[in-house]
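Participant:
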Amino acid sequence: MSRNLKIALGILAVAVLIGLLSLRGLHRRIERLSETQSSEEQARRDVLAPPIFTPTDVTMPAKIFWAAGADKVAPVVVELPLSADPVERSKQVLHALMTGPPTPDQRTIPAGATLLAFYIQPDGTAIADFSDALSSEMPSGILSEQMAVESIARTLASNVATLRRLKILIHGQEAETLAGHVDLTGFFDLNPPAQPHASAPPESPNLRAMVDTAPRLSAN
Amino acid sequence: MAAALVFAHASRPAAQQQASAAQQTAPAQAPPAQTAPNPNGQAAPVAPPVPAYGGLVIVLNPAHGGTDSGARGENGVAEKDFVMQFARAARDELQRQGYHVVMTRDDDSNPSYDDRDAASNIYRDAIFISLHVGSTGTFGDARAYYYQFWTPAPPSAASNATAASANPAATPTFWEDAQRSYTDASRRLADLLAAQLAQSFSGSPSASSAAAVRELRSVTAPAIALEISSMSASNPERLTGLAGPLAIAISRAVEAFRPPNSAGGH
Chain A
793 MSRNLKIALG ILAVAVLIGL LSLRGLHRRI ERLSETQSSE EQARRDVLAP PIFTPTDVTM
853 PAKIFWAAGA DKVAPVVVEL PLSADPVERS KQVLHALMTG PPTPDQRTIP AGATLLAFYI
913 QPDGTAIADF SDALSSEMPS GILSEQMAVE SIARTLASNV ATLRRLKILI HGQEAETLAG
973 HVDLTGFFDL NPPAQPHASA PPESPNLRAM VDTAPRLSAN
Chain B
6 MAAALVFAHA SRPAAQQQAS AAQQTAPAQA PPAQTAPNPN GQAAPVAPPV PAYGGLVIVL
66 NPAHGGTDSG ARGENGVAEK DFVMQFARAA RDELQRQGYH VVMTRDDDSN PSYDDRDAAS
126 NIYRDAIFIS LHVGSTGTFG DARAYYYQFW TPAPPSAASN ATAASANPAA TPTFWEDAQR
186 SYTDASRRLA DLLAAQLAQS FSGSPSASSA AAVRELRSVT APAIALEISS MSASNPERLT
246 GLAGPLAIAI SRAVEAFRPP NSAGGH
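Residue numbers (my numbering), protein chains in the order written: chain A, 793 to 1012; chain B, 6 to 271.
Following this line, the structure appears as structure tokens:
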């Protein structure tokens, strides 16, 4: 073996060794960066969507509709401090829906989405204004968008009896669809006064409510 | 069946409203609306051609298109391209069965929702089938949907729907509510398709679901959407292999559904 070849092989071995060491370091840096981003996301959420407390809060069971499998939403009973004021109460249950899914797989609303504003008109029409992330970070598709709308509407209908119908806005504007599929131009019936026993919105065959068997979670 | 639509959607651009109004007030057997992409990728109505067809027409709607890619998968593959493959395979299969088929787009254009609906509404006897690929769910799962109206019909629209069933030619229908009169028929068609999909695609539900799929809302015919999973699967190019079974499932569902007055179209 010639001397030059030995030198070349030596340089190559050193380069490979340096590369391996760098890869380990790079991996550690990526992990640290991921942790930092997660912390930043949590901090941002704490600022933008802090827990809501009002003087009339009473801790009681609330039904929050999260994903239950690939194509269903179902209520989970959660002990929450709930306000007597319908607007604040609505914000509280939506906050729980967006921030507190028991597992990541049960999430129906993108993690980056926040509730920008919530109003109730005198006729019982609720207007929920979400950030752009509700649309831009939503997994595109009929199924995922329908589950998101169902979870919002059913959570409100189950916990705020005075609401009659819901309008969803994206960043203050009416959106034609949530993320290219589900129609947002209309209103969603929540608790129609003429049909007290049909308070929930029309139910899809694969979105049966499972109220009686809903699991319970402790307060969060 | 094709009622005159006299109330345009309030949020549509004026030019589009005028174009749609022209299409919607045309006779039931008027030629189909044609669209062409403008430089911005949006579809602009152009003068309809002369040919008319009076029998059953299957309108296939490959969703998305143009700058709207739909869901994205590995290696940048796009939903809009897969649904076009599915639509073309379904068209070929349906035509092989003797059906008259039109597509709301057959290129990389992106007609508006209302233009897609209008392309169907000019036919007296039509079936509207929209094709999607979702970004969630297990690979190969397929679901059929019909339009879900969350609110009851306003009194005027409800009375119109009732009157429309008695005298469809003389009764106006609200553009926003056009699908309401066809909900039962759409659900039946969606159930038939779901049953076919469950046979061909293991894990798929055997019943249809209700969802407010935007492009179904203003169709004056039985209208359904089909969504197959998923763009988020590894190697989504495998979706191409599903085009054949999907086309057969659609064809069989249409055959089972064929409305009583469709005899001339098939």
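C-beta: ideal position from N, C-alpha, C; glycine also. Treat the numbers as computed from the prediction; the structure is a model and nothing was measured.
Within a Cβ cutoff of 6 Å, which residues of the same chain sit near GLN102(B), ignoring the five residues on either side of it in sequence?
Facilitator: SER256
Participant: Using only the heavy atoms of the ligand GDP, determine whether one of them is closer than 7 Å to the beta carbon of ARG824(A).
Facilitator: In the structure on display, the ligand GDP does not appear, and there are no ligands present to speak of.
Participant: Determine the chain B residues that contact PRO896(A) at a beta-carbon separation under 9 Å, and present them in chain order.
Facilitator: Simply none; closest approach about 13 Å.
Participant: If you draw a straight line from the C-alpha of ARG148(B) to the C-alpha of ALA918(A), how long is it?
Facilitator: Approximately 31 Å between the Cα atoms of the pair.
Participant: Name, please, each residue of chain B whose Cβ falls closer than 9 Å to the Cβ of ASP921(A).
Facilitator: What ASP921(A) touches in chain B: nothing, since even the nearest Cβ is about 18 Å away.
Participant: At the level of alpha carbons, what is the spacing between PRO53(B) and ASN126(B)?
Facilitator: Legend: pLDDT at PRO53(B) = 46, less than 50; position of this residue unreliable, value from coordinates given subsequently. The straight-line gap from Cα to Cα measures roughly 13 Å.
Participant: Give the range of the beta strand (DSSP E) segment to which PHE91(B) is assigned.
Facilitator: Counting along the chain, PHE91(B) falls outside any beta strand (DSSP E), though it belongs to the alpha helix (DSSP H) covering 84 to 101.
Participant: Rounded to the nearest angstrom, what separates ALA949(A) and VAL224(B) at their Cα positions?
Facilitator: 29 Å
Participant: So with CB distances below 7 Å, who are the chain A contacts of ARG193(B)?
Facilitator: The contacting residues do not exist; ARG193(B) stays about 13 Å from chain A at best.
Participant: Check whether the Cβ atoms of ASP130(B) and VAL62(B) lie closer than 8 Å to each other.
Facilitator: Against a cut-off of 8 Å, the Cβ pair of VAL62(B) and ASP130(B) comes out as a contact.
Participant: Along the segment 124 to 153 of chain B, what residues have a CB closer than 9 Å to any CB found in chain A?
Facilitator: HIS137, VAL138, GLY139, SER140, THR141, GLY142, THR143, ASP146, ARG148, TYR150, TYR152 and GLN153
Participant: Excluding the five sequence neighbours on either side, which residues of its own chain have a C-beta within less than 6 Å of the C-beta of ALA860(A), listed in chain order?
Facilitator: ALA866
Participant: Just the C-alpha distance for SER936(A) and MET852(A), rounded to the nearest angstrom, thanks.
Facilitator: 30 Å
Participant: Please state the DSSP three-state secondary structure of HIS69(B).
Facilitator: coil
Participant: From what residue to what residue does the beta strand (DSSP E) around PHE922(A) run?
Facilitator: Counting along the chain, the beta strand (DSSP E) containing PHE922(A) begins and ends at 917 to 922.
Participant: Which term fits SER211(B), buried or exposed, when burial requires 16 or more other beta carbons within 10 angstroms of its beta carbon?
Facilitator: exposed
Participant: When the distance is taken between beta carbons, is SER135(B) closer than 8 Å to LEU221(B)?
Facilitator: yes
Participant: Identify the contact partners of ALA979(A) in chain B, using a Cβ-Cβ distance below 8 Å as the criterion.
Facilitator: One point to set straight first is that residue 979(A) is Phe, not Ala, in the sequence displayed. Correct list: TRP155 and THR156.
Participant: I'd like the span of the alpha helix (DSSP H) that includes PRO853(A), first residue to last.
Facilitator: Note, PRO853(A): premise wrong, no alpha helix (DSSP H); beta strand (DSSP E) at 850 to 859.
Participant: In the structure shown, what three-state DSSP assignment does GLU942(A) receive?
Facilitator: DSSP, reduced to helix, strand and coil, places GLU942(A) within a helical segment of the structure shown.
Participant: Is there at least one Cβ from chain A nearer than 8 Å to ARG257(B)'s Cβ?
Facilitator: no
Participant: CB ASN983(A) to CB LEU958(A), shorter than 8 Å?
Facilitator: By the CB criterion at 8 Å, ASN983(A) and LEU958(A) fall outside the cutoff.
Participant: For the alpha helix (DSSP H) containing ASP122(B), name the first residue and the last one.
Facilitator: 118 to 126
Participant: Quick one: measure Cβ to Cβ for ASP981(A) and THR188(B), integer angstroms, because I've assumed they're closer than 8 Å.
Facilitator: So it is not a contact: roughly 15 Å between Cβ atoms.
Participant: When you compare the CB of GLN938(A) with every CB in chain B, is at least one pair closer than 8 Å?
Facilitator: yes
Participant: Could you give the C-beta distance for GLY91(B) and GLY145(B), rounded to a whole number, given that I count them as a contact under 8 Å?
Facilitator: The sequence shown places Phe at residue 91(B), rather than the Gly named in the question. Not confirmed; about 13 Å, so no contact.
Participant: Compile a chain-ordered list of the residues in the segment 856 to 875 of chain A whose CB is closer than 8 Å to at least one CB of chain B.
Facilitator: Residues are counted here when their Cβ sits less than 8 Å from a Cβ of chain B; for the segment 856 to 875 of chain A these are ALA862 and ASP863, given in chain order.
Participant: For ALA203(B) and ILE934(A), which I take to be in contact (beta-carbon distance under 8 Å), what is that distance rounded to the nearest angstrom?
Facilitator: The pair is not a contact, with the Cβ atoms about 17 Å apart (cut-off 8 Å).
Participant: So what's ASN983(A) in DSSP terms, helix, strand or just coil?
Facilitator: coil
Participant: Taking GLU260(B) as part of the alpha helix (DSSP H), name the residues at either end of that continuous run.
Facilitator: 248 to 262
Participant: Using a Cβ-Cβ distance cut-off of 8 Å, determine whether ARG121(B) contacts chain A.
Facilitator: no
Participant: Run through chain A and tell me which residues come within less than 7 Å of ASP86(B), C-beta to C-beta.
Facilitator: Residues of chain A with a Cβ closer than 7 Å to the Cβ of ASP86(B) do not exist; the shortest Cβ-Cβ separation is about 14 Å.
Participant: So PHE133(B) and ALA200(B) are supposed to be a Cβ contact under 8 Å. How far apart are they, rounded?
Facilitator: Incorrect: roughly 19 Å between the Cβ atoms, too far for contact.
Participant: Give every residue of the same chain whose Cβ lies closer than 6 Å to the Cβ of ILE912(A), excluding the five residues on either side of it in the sequence, and list them in chain order.
Facilitator: If you ignore the 5 residues before and after ILE912(A), its C-beta comes within less than 6 Å of the C-beta of PRO878, VAL879 and ALA918, all in its own chain and listed in chain order.
Participant: Cutting at 6 Å between CB atoms, please list the residues of its own chain near PHE979(A), excluding the five before and the five after it.
Facilitator: Sequence-distant partners of PHE979(A) (beyond 5 residues in either direction) whose C-beta falls short of 6 Å from its own C-beta, in its chain, are ARG957 and LYS959.
Participant: Within 10 angstroms of its Cβ, does GLU79(B) collect 16 or more other Cβ (buried), or is it exposed?
Facilitator: Exposed, since its Cβ has fewer than 16 Cβ neighbours within 10 Å.
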